[in-house]
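Only one structure is covered here, and it is reproduced in the block below.
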Amino acid sequence: MEGNIEMLNNSIVTLNIGGTIFKCYAKTLTAFPDSKLAHLNFQCDFYDSKQKEYFFDRDPVLFSYILDSFRKGAIHLPNDVCGTTFKEELEFWEISPRYVAPCCWGALYRSEGDKATMNALIQRFQQNPNTLLMQEKKLGIRSKLWLFFDEPVSSRPALVWSVFISCVIVMSTVVDFLSTMETFQEDVSEAHSRLFSEFADTVDLENTTLARFVTRIPQKFPMVTNVVCHTILTLELVVSFIICENKKVFGTCVFRHIATFGYLSYWISFTICSNLIYLDSMYAIIACTMFNYLSIFKCARLFYLTRSVPAFRIMRLTFESSKQELKILIFLLGILVCVFGYVMFAAEFTQNAKITNAFKAVYWALITLTTVGYGDVVPNTAAVHVIAGACAVCGVLVLALPVGIIVSKFYKFYDYYDLAMRHSETFVKPLISQKAK
Ligand SMILES: [Zn+2]
């Protein structure tokens with residue numbers, strides 16, 4: 017304490033910070049008792065006895081904020097300074113960040129959030145084996161072919177191919193839809209109709225998909241187009257599986273599994289349909305119809321084409337990093353659906369013909385809370401009309417809060433992706449050097 021004698025009176029202390037002179041009362045420096053400035057004395061290394069001042073080789077601009085904090089008793093930092101830099105300054109002066117005023121927490125911690133966002137983006141890039149492959153200078157023929165099939169952004173031909181595959185998928189889907197229209201259907205052949213008439217009695221031919229299937233089938237044009245489309249898609253899948261050097265990479269994409277399931281369903285359906293006369297069974301028709309519908313899963317192929325589109329990639333990253341918000345959303349929605357559904361059921365089940373059980377009421381609550389409101393189930397009593405209003409308002413609020421957070425995260429990731437792309441010198445090169453290790 018004897019060394020600190022200067023601090024105990026009202027004498028003026030001279031501080032030389034990187035060439036700029038600051039002067040203050042000695043007692044001002046005791047505002048934060050744990051700090052370096054509170055323990056200054058003539059014996060310390062920083063004291064220059066000739067100039068009668070304390071010298072520190074620090075930034076004077078930032079120090080002016082530090083010194084001001086001693087005068088005010090709370091730390092306020094400039095909004096345009098990187099929080100990480102200011103934290104380093106606080107560490108040097110041994111001032112606890114707990115003295116930072118709440119109005120400046122944002123400025124202090126924003127840079128940490130930014131760093132986390134950037135790390136998440138960089139990791140996302142590192143996780144993509146195709147990005148690493150594209151950065152290699154000498155590529156084997158297999159790798160080149162793999163990039164051609166799997167990475168639309170790798171080259172112009174790859175982009176053209178991916179557009180072609182997208183068109184094939186869209187065309188086969190449109191053809192699927194067209195074949196449900198009567199214009200593109202024809203009556204079943206005589207051999208088929210004899211087969212169908214045998215079990216027509218066992219099938220409810222009134223208003224069922226099965227009934228339409230047994231009386232009318234798609235014309236030759238949609239059938240042939242679909243076979244051609246699916247042959248191209250299946251061949252593409254098989255070839256890309258054969259040329260893929262790392263089969264693990266091939267298996268990691270869940271959309272590819274779904275698409276494979278779609279192609280497989282189509283071929284099973286096709287095989288059964290072509291052999292219906294020999295199979296001679298109602299179950300064959302049911303299986304054929306069912307697998308035909310399941311073949312719509314081939315559209316998942318479109319999803320793994322969009323993987324290389326930055327917006328989709330960032331969307332996925334946003335959902336992955338918003339697990340907490342999504343959990344809150346589902347949890348809150350679940351509670352409200354149960355509460356409002358149960359209230360609706362309790363109030364109306366004797367008076368409302370549409371609400372035959374609690375699940376119907378829960379369904380009504382879900383449709384109202386999500387602001388869809390089909391209007392197929394509506395409240396009858398005045399009291400439940402009020403509850404329905406409250407339910408709709410709660411829905412808007414509950415959806416808006418977590419969705420807002422998720423959307424702002426998406427914007428943040430998108431902004432940073434843009435910055436990272438511009439800053440690609442430091443963004444891509446570390447990836448290569450890390451791979452070389
Ligand atoms: Zn402040």
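So in this note's numbering, the last one in the sequence shown is 453, and the numbering has no gaps at all. Where a beta carbon is used, it is the ideal one built from N, C-alpha and C, also for glycine.
Proximity of residue i and residue j at Cβ, strictly below 9 Å
i	j	result
L45	E69	no
W162	S51	no
I330	F429	yes
L333	L137	yes
T386	G350	no
C245	S188	yes
D61	E105	no
V394	K376	no
A1	V353	Given a span of 17 to 453 for the chain in the structure shown, any question on residue 1 remains unanswerable.
A54	F48	yes
S285	C304	yes
V116	I91	yes
F361	V388	no
L56	V77	no
Classification of residue i by the beta-carbon crowding that lies within 10 angstroms, buried from 16 upward
i	result
W121	exposed
M197	exposed
N291	exposed
R317	buried
E167	buried
S424	exposed
I111	buried
N242	buried
N262	exposed
G34	exposed
N223	Note on N223: pLDDT 48, under 50, position unreliable in the model; the coordinate value appears next. That one is exposed.
R438	exposed
Y309	exposed
G420	exposed
C119	exposed
F328	exposed
G357	buried
L124	buried
I301	buried
F165	buried
S324	buried
F180	exposed
S27	exposed
Same chain only: Cβ atoms within 8 Å of residue i, ignoring 5 sequence neighbours per side
i	result
E152	S159
F266	S256, F257, C260, R272
F200	L194, P234, Q235, F237, P238
C98	S127
S178	P168, L321
K131	T100
M134	Y432, A436
Cβ-based neighbour list, residue i, same chain, cut-off 7 Å, excluding 5 preceding and 5 following
i	result
T397	A363, E364, Q367
F277	F313
S182	L318, L321
V83	Note that residue 83 is Leu in the sequence shown, not Val. Hits under 7 Å: F38, C40.
Neighbour flag for residue i against chain B, beta carbons, 9 Å
i	result
A174	In the structure shown, chain B cannot be found, because there is only a single protein chain.
Expected contact under 8 Å - CB spacing of residue i and residue j to nearest Å
i	j	result
F71	D64	5 Å
L93	F86	In fact, because the Cβ distance is near 14 Å, the residues do not count as touching under 8 Å.
L253	Y279	6 Å
V481	I248	With the chain running from 17 to 453 in the structure shown, residue 481 is simply not present.
C407	T384	5 Å
L348	V414	5 Å
I403	V359	6 Å
Beta-carbon proximity list for residue i, same chain, < 6 Å, skipping 5 on both sides
i	result
P418	E341, I344, L345
A275	K314, A316, R317
S170	M150, L163
P145	V265
Y299	none
Subject >> Runs of alpha helix (DSSP H) wholly within the stretch 299-360 (minimum 4 residues, chain order) >> reply: Unbroken alpha helix (DSSP H) runs of no fewer than 4 residues, entirely contained in the stretch 299-360, are found at 316-321, 326-337, following chain order.
**OP:** Could you tell me which uninterrupted alpha helix (DSSP H) segments, each at least 4 residues in length, are contained entirely in the stretch 237-297, listed from first to last along the chain?
**Re:** You should have 263-268, 270-290, 292-295.
Subject >> Complete runs of the alpha helix (DSSP H) confined to the stretch 348-425 [at least 4 residues] >> reply: For the alpha helix (DSSP H) assignment, the uninterrupted runs of no fewer than 4 residues enclosed by the stretch 348-425 are, from N- to C-terminal side, 374-385.
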